[in-house]
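Just so you know, the sequences run in chain order V and P.
One point on numbering: in the numbering used here, the residue at position 108 of the first sequence is 108, and numbering is uninterrupted.
All you need for the numbering used here is the position in the second sequence, starting with 1, plus 1000.
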Amino acid sequence: MSERKIRVLVAKPGLDGHDRGAKVVARALRDAGMEVIYTGLRQTPEMIVEAALQEDVDVIGLSILSGAHMALVPRILELMKAHDLSDVKLVLGGIVPDEDIPVLQQMGVSGIFGPGSDTQAIIDHIRKVVSLE
Amino acid sequence: MSEVTTLPPIVAAIRESRRALARLLTRIENRAAAAELTALYPFGGKAHLIGVTGAPGTGKSSLVNAMAKAYRAEGKTVSILAVDPTSPFSGGAVLGDRIRMRDLHGDAGVFIRSMATRGNLGGIARTTLDMIRALDAADFDIVLIETVGAGQSEVEIASAAQTVIVVEAPGLGDDVQAIKAGILEIADILVVNKADNPGVESTLRALRAALDLGHRAERIMHHGKLMTIPAAPVVGEDSAWQTPIVQTVATDGTGVPELLAKIAEHRTYLRESGVQRLRERASLSAEIEERLRDLLLARLIEQIGAARLQATIERVVERQIDPNSAAQALLTESRGAAEP
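Structure, rendered in structure tokens:
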């Protein structure tokens, strides 16, 4: 009997204090049967990647509304690589201008969900990209 | 180091790499690490296992954070297992204890793992025990186990610890609740956190009164004189340990050095009195019995067969037979089937 569950780290890097979106997503993922490690506001990239490593998550979900995603995301991806976490999927939510989306996807972000995204779309995306062996 | 070469690969790996430890913990949670657990068991037993439990809102996570910082200042390595309930409806969970532990970030001597109870068959307690054993074998000096003290399973988890700390806080409503919940009995040390809040005096009073009730030697006021009812002859353990009450303010570290001193005292007591061995023996024997029960049940159900089991259940549902007779009949039949 497999008791495998999808584990997701939900984190808010950067300095903006708007965590409603992150909390809504955290709750939606819980209601979808996932285990969500919620780390709260103002996380540094180092804190996020370290937490992802210790918690052995399948997915890191970032919420960035400050516009700093083009600085934060590459840094987090770099740290993930350095810690051998390349198999962990990175999902981004928040405010991301259209022109940045292909660039971020190119970098290795697995899914990007802007304002008004359906939480079911996020759940479906995570279930699709995480393969539970 | 020459010692390292003699370690089994899994033990060397989890001592070497935090990633390896994290992955092992996941396999344990998924009940897919029997071989690893067998290999690492002989290498545990050195860490001090400290359970921290209490009602929601008492500041357990902040206290665990403050304790971990204080232990790090003493040069001890610390791992934290933060256990939170799984939603019975969705099977998911939001684990938020790390929010209060952000100070510990960036310290290679600290490892934090959040865990959901998952409420699965056979209980959470055993999985947690196995997780604790992995952290112990990974050579941390201190393993802190944080649970919400609300249900039986949390009490069980806390009982896996050597030193159990029950956290209370003023202003959380009826002071008698804690006593009713029966959680004080498992406390080796009581902490009144948020001790700078109003109402701390009444919380302390209620706890002292509750503890006095539990003491073997009771002091009472009788005819205006303080009298002592002598203690009953010592039969059980714990007779020499009087549960102390420590006041803390976890957010600024007040009282934490005193708490650590009491924990150290308790550890010394456990070792010197022999209580530690007694307790370990009792909990291990209970664990073995439980595992045996599971194994037997699994084998029995296999022998009986799903179809026959289902048919019997139907008969019970139809009130043709009562549950006890049904179980008896199934057992008798399976015995017949097992004998050649």
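Here a beta-carbon is modelled for each residue, glycine too, at the ideal position from N, C-alpha and C.
Please read all numbers here as calculations on a predicted model, not as lab measurements.
Expressed to the nearest angstrom, what Euclidean distance is found between the alpha-carbon atoms of P/Ala1125 and V/Gly93? Stepping through the second sequence from its first residue, residue 1125 of chain P is reached at position 125. Stepping through the first sequence from its first residue, residue 93 of chain V is reached at position 93. C-alpha separation (whole angstroms): 36 Å.
What does the alpha-carbon distance come out to for the pair P/Arg1205 and P/Asp1196? Numbered from 1 along the second sequence, position 205 holds the residue referred to as residue 1205 of chain P. Numbered from 1 along the second sequence, position 196 holds the residue referred to as residue 1196 of chain P. Approximately 16 Å between the Cα atoms of the pair.
Counting only beta-carbon separations shorter than 7 Å, does P/Ser1090 have a partner in chain V? Taking the first residue of the second sequence as 1, we reach residue 1090 of chain P at position 90. By this cut-off, P/Ser1090 is an interface position.
First through last residue of the beta strand (DSSP E) which encompasses P/Arg973: Within the shown structure, residues of chain P are numbered from 1001 to 1340, placing residue 973 of chain P beyond reach of any answer.
Hey, is the segment 1058–1075 of chain P in contact with the segment 1093–1106 of chain P, meaning 3+ C-beta pairs nearer than 8 Å? yes
Are V/Asp79 and V/Ile37 touching if we call contact CB-CB under 7 Å? Here residue 79 of chain V corresponds to residue number 79 of the first sequence, with the count starting at 1. Here residue 37 of chain V corresponds to residue number 37 of the first sequence, with the count starting at 1. The residue asked about is misnamed: residue 79 of chain V is Leu in this sequence, not Asp. Contact: no.
Taking 7 Å as the threshold (beta carbon to beta carbon), is V/Val31 in contact with chain P? Taking the first residue of the first sequence as 1, we reach residue 31 of chain V at position 31. The residue you asked about is not Val; residue 31 of chain V is Asp in the sequence shown. Yes, V/Asp31 lies at the interface with chain P (some Cβ there is under 7 Å from its Cβ).
What three-state label does DSSP hand P/Phe1043 in the structure shown? Residue numbering aside, residue 1043 of chain P sits at position 43 when the second sequence is read from its first letter. If DSSP states are grouped into helix, strand and coil, P/Phe1043 belongs with the helices.
Nearest by alpha-carbon distance to P/Ala1108: which of P/Arg1072, P/Leu1007, P/Val1249, P/Arg1319 is it? For the purposes of this step, residue 1108 of chain P is taken as residue 108 along the second sequence, with counting starting at 1. Per the Cα distances, P/Arg1072.
So, using beta-carbon positions, are V/Thr119 and V/Ala11 closer together than 7 Å? The residue given as residue 119 of chain V occupies position 119 in the first sequence. The residue given as residue 11 of chain V occupies position 11 in the first sequence. Not closer than 7 Å, so no.
Which residues in chain V have a C-beta closer than 9 Å to the C-beta of P/Val1249? List them in chain order. As a first step, residue 1249 of chain P is located in the second sequence; it is residue number 249 there, counting from the start. Under the 9 Å cutoff, chain V gives no residues; its nearest Cβ is about 21 Å from P/Val1249.
If you measure beta-carbon to beta-carbon, which residues of the segment 66–98 of chain V are closer than 9 Å to chain P? His83, Asp84, Leu85
Could one say the Cβ of P/Gly1057 lies closer than 7 Å to chain V's Cβ atoms, at least one of them? Position 57 of the second sequence, counted from the start, is the residue given in the question as residue 1057 of chain P. Not an interface residue.
Could you please give me the residues that DSSP links to P/Val1246 through a beta bridge? For this step, residue 1246 of chain P is matched to residue 246 along the second sequence. DSSP lists P/Val1191 as partners of P/Val1246.
Short CB-CB distance (under 7 Å) between V/Ala26 and chain P: The residue labelled residue 26 of chain V in the question sits at position 26 within the first sequence. By this cut-off, V/Ala26 is an interface position.
Thinking C-beta only, is P/Ile1014 closer than 7 Å to P/Ala1020? Reading the second sequence from its first residue, position 20 is the one you call residue 1020 of chain P. Reading the second sequence from its first residue, position 14 is the one you call residue 1014 of chain P. A contact, by the Cβ cut-off of 7 Å.
Does P/Ala1116 have its Cβ less than 7 Å from a Cβ in chain V? Locating residue 1116 of chain P in the second sequence gives position 116, counting from the first residue. Closer than 7 Å to some Cβ of chain V, the Cβ of P/Ala1116 qualifies, so yes.
Bounding residues of the beta strand (DSSP E) (the contiguous stretch that carries V/Ser63): Along the first sequence, one-based indexing puts residue 63 of chain V at 63. It spans 59–64 - the beta strand (DSSP E) in which V/Ser63 sits, taken as one unbroken run.
Residues near V/Ser117 in its chain [Cβ-Cβ closer than 8 Å; skip 5 each side]: Taking the first sequence and counting its residues from 1, one reaches residue 117 of chain V at position 117. Closer than 8 Å at the Cβ level, and outside the excluded window around V/Ser117, lie Gly93.
Contact set between P/Gly1096 and chain V, taken where Cβ atoms lie within less than 7 Å: Residue 1096 of chain P sits at position 96 when you count from the first residue of the second sequence. Simply Tyr38.
Starting from the Cα of P/Thr1053, find the closest Cα among P/Ser1079, P/Leu1040, P/Glu1146 and give me that residue. What you label residue 1053 of chain P is simply residue 53 of the second sequence in a count that begins at 1. Comparing Cα positions, the closest option is P/Glu1146.
When DSSP labels each residue in this structure, what does P/Met1008 get in the three-state scheme? Here residue 1008 of chain P refers to the residue found at position 8 when the second sequence is read from its first residue. What sits at residue 1008 of chain P in the sequence shown is Pro, not Met. Reduced to three states, the DSSP call for P/Pro1008 is coil.
So which residues on chain P does V/Gln120 lean against when the C-beta distance must stay under 8 Å? Working through the first sequence from its first residue, we reach residue 120 of chain V at position 120. Neighbours of V/Gln120 on chain P: none; closest Cβ ~14 Å, over 8 Å.
Against chain V, with Cβ distances strictly below 7 Å, would P/Asn1065 count as a contact? Here the question's residue 1065 of chain P lines up with position 65 in the second sequence. False, the Cβ-Cβ gap to chain V never drops below 7 Å.
Between which two residues does the alpha helix (DSSP H) holding V/Leu72 run? Along the first sequence, one-based indexing puts residue 72 of chain V at 72. It spans 69–82 - the alpha helix (DSSP H) in which V/Leu72 sits, taken as one unbroken run.
Quick one: is P/Ser1325 buried, meaning 16 or more other Cβ sit within 10 Å of its Cβ, or exposed? The sequence position of residue 1325 of chain P within the second sequence is 325, counting from 1. Counting Cβ neighbours within 10 Å, P/Ser1325 comes out exposed, since fewer than 16 surround it.
Using CA atoms only, rank isn't needed, just tell me which of P/Leu1104, P/Asp1084, P/Asn1030, P/Ala1093 is closest to V/Val46. The sequence position of residue 46 of chain V within the first sequence is 46, counting from 1. Going by the sequence as given, residue 46 of chain V is Glu instead of Val. V/Glu46 has its Cα closest to that of P/Leu1104, out of P/Leu1104, P/Asp1084, P/Asn1030, P/Ala1093.
For a contact meaning CB atoms closer than 9 Å, what does V/Arg4 contact in chain P? In the first sequence, the residue the question calls residue 4 of chain V occupies position 4. Correct list: Thr1026, Glu1029, Asn1030, Ala1032.
Per-residue burial, P/Gly1236 [other beta carbons within 10 Å of its own, 16 or more giving buried]: Here residue 1236 of chain P refers to the residue found at position 236 of the second sequence. Bear in mind that the predicted position of P/Gly1236 carries a pLDDT of just 47, short of 50, making it too unreliable to give a figure here.
Would you kindly check if the distance between the Cβ of V/Gly33 and the Cβ of P/Ser1114 is under 7 Å? Locating residue 1114 of chain P in the second sequence gives position 114, where the first residue counts as 1. Locating residue 33 of chain V in the first sequence gives position 33, where the first residue counts as 1. No, Cβ-Cβ distance for P/Ser1114 and V/Gly33 is not below 7 Å.
Contact with chain P by V/Met107, beta-carbon distance below 7 Å: Sequence index remark: in the first sequence, residue 107 of chain V carries index 107 (1-based). No, V/Met107 lies away from the interface with chain P (no Cβ there is under 7 Å from its Cβ).
Work out the CA separation of P/Met1067 and P/Ile1189 for me, nearest whole Å. If you number the second sequence from 1, residue 1189 of chain P lands on position 189. If you number the second sequence from 1, residue 1067 of chain P lands on position 67. Cα to Cα, the separation comes out at about 14 Å.
Does P/Leu1295 pass the burial test, meaning 16 or more other C-beta atoms within 10 Å, or should it be called exposed? Position 295 of the second sequence holds residue 1295 of chain P. So P/Leu1295 counts as exposed.
Would you kindly check if the distance between the Cβ of P/Ile1112 and the Cβ of P/Ile1080 is under 7 Å? Counting from 1 along the second sequence, the entry for residue 1080 of chain P is found at position 80. Counting from 1 along the second sequence, the entry for residue 1112 of chain P is found at position 112. Yes. Within cutoff.
Using a Cβ cut-off of 8 Å, pull out every chain V residue sitting near P/Ile1099, in sequence order please. Here residue 1099 of chain P is taken as the residue at index 99 of the second sequence, counted from 1. Under the 8 Å cutoff, chain V gives Tyr38, Thr39, Gly40.
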